[in-house]
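Enquirer:
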Amino acid sequence: SQQGEEDPQALSIQEGENATMNCSYKTSINNLQWYRQNSGRGLVHLILIRSNEREKHSGRLRVTLDTSKKSSSLLITASRAADTASYFCATARIQGAQKLVFGQGTRLTINP
Amino acid sequence: KAGVTQTPRYLIKTRGQQVTLSCSPISGHRSVSWYQQTPGQGLQFLFEYFSETQRNKGNFPGRFSGRQFSNSRSEMNVSTLELGDSALYLCASSLETSGPYEQYFGPGTRLTVT
Numbered sequence: 156s157q158q159g160e161e162d163p164q165a166l167s168i169q170e171g172e173n174a175t176m177n178c179s180y181k182t183s184i185n186n187l188q189w190y191r192q193n194s195g196r197g198l199v200h201l202i203l204i205r206s207n208e209r210e211k212h213s214g215r216l217r218v219t220l221d222t223s224k225k226s227s228s229l230l231i232t233a234s235r236a237a238d239t240a241s242y243f244c245a246t247a248r249i250q251g252a253q254k255l256v257f258g259q260g261t262r263l264t265i266n267p
Numbered sequence: 305k306a307g308v309t310q311t312p313r314y315l316i317k318t319r320g321q322q323v324t325l326s327c328s329p330i331s332g333h334r335s336v337s338w339y340q341q342t343p344g345q346g347l348q349f350l351f352e353y354f355s356e357t358q359r360n361k362g363n364f365p366g367r368f369s370g371r372q373f374s375n376s377r378s379e380m381n382v383s384t385l386e387l388g389d390s391a392l393y394l395c396a397s398s399l400e401t402s403g404p405y406e407q408y409f410g411p412g413t414r415l416t417v418t
């Protein structure tokens, strides 16, 4: 069963706009990670945020974490066509645990 | 550094057969995890191996098994294949330091069971 749910399931925006995806999870976590997947290929790690962190940035990516609401959001600013992909959040309950529990993902389409 | 490699990339099998998938982690990574991805169930954790020992296991039947060799390469085996085993099988490796750490995924093996 999935730990979390992502919202929206699909998002279509124009190039240059910002894209926001949300993730909710059910149990306490050690960290939350975001991954990108292009067309049924392997996943690429984007960013990791620890449970004691509230916000993290990496390039055009901004991730927030609200442990009281058990939710996270991923913001991609100034989107590009190459950002078209599926985005997944994944949670790890125990520090160092390699067992990631993934959400169902958000399919992001950037229109030129 | 070479990334995670998985072989074969595509596989077609018949119900009842068995299959073995292979994964070579990034050099120096000792943890290897396997995931199954299907449209209905999404990404689900199968198991994780570290230093040739299974360290974590997901909720899959005993038909799914794996192993890890001394060079950290890993194989997973599915016996008595069912139609529902059709999926993308992803392998991920991780550097075992002090954690938490990201996982590096291979391109996957797409298994079709007919």
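In order, the protein sequence lines correspond to chains B and L. With our numbering, letter number 96 in the first sequence gets 251, and the count goes up by one each step, no holes. With our numbering, letter number 91 in the second sequence gets 395, and the count goes up by one each step, no holes. By construction, the Cβ of each residue, glycine as well, lies at the ideal position given by its N, Cα and C atoms. Predicted, not measured: the structure shown is a model, and the values here were computed from it.
Just to confirm before moving on: does the CB-CB distance between B/Thr-232 and B/Arg-209 stay below 8 angstroms?
Expert: Result no, Cβ atoms of B/Thr-232 and B/Arg-209 do not sit closer than 8 angstroms.
Enquirer: Determine whether the Cβ of L/Glu-352 lies closer than 8 angstroms to any Cβ atom of chain B.
Expert: Yes, L/Glu-352 counts as interfacial toward chain B.
Enquirer: With DSSP as the reference, identify every bridge partner of L/Val-382, one or two as the case may be.
Expert: Answer by DSSP bridge pairing, in chain order: L/Val-323, L/Phe-368.
Enquirer: I want to know whether the stretch 167-184 of chain B touches the stretch 223-237 of chain B - three or more CB-CB distances under 8 angstroms.
Expert: A contact exists between the stretch 167-184 of chain B and the stretch 223-237 of chain B.
Enquirer: Spell out a yes or no on whether the stretch 314-333 of chain L and the stretch 196-206 of chain B are touching, meaning 3 or more CB-CB pairs, one atom from each, closer than 8 angstroms.
Expert: Contact between the stretch 314-333 of chain L and the stretch 196-206 of chain B is absent, because fewer than three Cβ pairs lie under 8 angstroms.
Enquirer: Determine the extent of the beta strand (DSSP E) in which L/Phe-349 is found, giving its start and end residues.
Expert: Run containing L/Phe-349: 346-354, per the beta strand (DSSP E) assignment.
Enquirer: Examine the Cβ distances between the stretch 307-317 of chain L and the stretch 355-370 of chain L and report whether three or more of them are shorter than 8 angstroms.
Expert: They do not touch, by the three-pair rule.
Enquirer: Can you pull the chain B residues whose beta carbon is under 9 angstroms from the beta carbon of L/Pro-411, in chain order?
Expert: Arg-196, Gly-197, listed in chain order.
Enquirer: Starting from the Cα of B/Thr-246, find the closest Cα among L/Leu-394, L/Tyr-405, L/Leu-387, L/Gln-345 and give me that residue.
Expert: Measuring from the Cα of B/Thr-246, the nearest candidate turns out to be L/Tyr-405.
Enquirer: Of the residues L/Thr-413, L/Leu-399, L/Ser-397, which one's Cα is nearest the Cα of L/Ala-391?
Expert: Comparing Cα-Cα distances from L/Ala-391 to each of L/Thr-413, L/Leu-399, L/Ser-397, the minimum goes to L/Thr-413.
Enquirer: Nearest-angstrom Cα distance between B/Val-267 and L/Pro-343?
Expert: The residue asked about is misnamed: residue 267 of chain B is Pro in this sequence, not Val. Near 27 angstroms, if we compare the C-alpha coordinates of L/Pro-343 and B/Pro-267.
Enquirer: Kindly indicate the opening and closing residues of the beta strand (DSSP E) around B/Val-199.
Expert: First-last of the beta strand (DSSP E) with B/Val-199: 198-205.
Enquirer: For the beta strand (DSSP E) containing L/Gly-340, list its first residue and its last residue.
Expert: Sequence inspection shows Gln at residue 340 of chain L; the Gly mentioned does not correspond to that position. 335-342 is the span of the beta strand (DSSP E), which, as asked, contains L/Gln-340.
Enquirer: Run the CB neighbour count on L/Ala-306, radius 10 Å, all protein chains shown included, and call it buried at 16 or more, exposed below.
Expert: Burial call: exposed.
Enquirer: Whose C-beta lies closer than 6 angstroms to the C-beta of L/Leu-325 among residues of the same chain, with five residues either side of it excluded?
Expert: Excluding sequence neighbours, L/Leu-325 sits near Met-380, Tyr-393, Thr-413.
Enquirer: So, helix, strand or coil for B/Ser-156, using DSSP?
Expert: Only weak support is given to the placement of B/Ser-156: the predicted model assigns it a pLDDT of 44, under 50, and the value that follows is read from those uncertain coordinates. Here B/Ser-156 sits in coil by DSSP.
Enquirer: Please confirm whether L/Leu-415 has its beta-carbon closer than 8 angstroms to some beta-carbon of chain B.
Expert: Not one chain B Cβ lies under 8 angstroms of L/Leu-415.
Enquirer: Is it the case that the Cβ atoms of L/Gly-410 and L/Cys-327 are separated by a distance below 8 angstroms?
Expert: Going by C-beta atoms, L/Gly-410 is nearer than 8 angstroms to L/Cys-327.
Enquirer: Please return the same chain residues whose Cβ sits closer than 6 angstroms to the Cβ of B/Arg-262, not counting the five positions on each side in sequence.
Expert: Cβ neighbours of B/Arg-262 beyond the five flanking positions: Ala-165, Ser-241.
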